[in-house]
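Undergrad:
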Amino acid sequence: MPYVTIQMLEGRTDEQRKALIEKVTDAVVETTGATREKVVVFIEDIDKNNYGVGGKRLVD
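Numbering (UniProt numbering), first residue to last: 1 to 60.
#1: Look up G52 in the DSSP assignment and give the residues it is bridged to.
#2: Any chance the segment 45-55 sits against the segment 28-36, with 3 or more Cβ pairs inside 8 Å?
#3: So, at 8 Å on beta carbons, what are the nonlocal neighbours of M59 in its own chain, with the 5 sequence-adjacent residues on each side left out?
#4: How far does the beta strand (DSSP E) with V41 in it reach, from first residue to last?
#5: Which residue from G11, V40, L9 puts its Cα closest to that of K23?
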């Protein structure tokens, strides 16, 4: 049973999340031969207040 975890900054719409889950599932099925029913996709939102690049938060 393949598990895929996607970490991304918050702010995506439900439609975008749905499309992402569908396309990632398709890619896993195509490349691993797993059945769609066995592919699990997790989306973890990262709060922009808790994300930094180059020593600075994205919101600053």
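Glycine included, each C-beta is placed from N, C-alpha and C at the ideal position.
TA: Short version:
#1: R57
#2: no
#3: Note on identity: in this sequence residue 59 is Val, with Met being the wrong assignment. Answer for V59: K48, N49, listed in chain order.
#4: V41: member of the beta strand (DSSP E) spanning 40-46, first to last residue.
#5: For K23, the nearest C-alpha among the options comes from V40.
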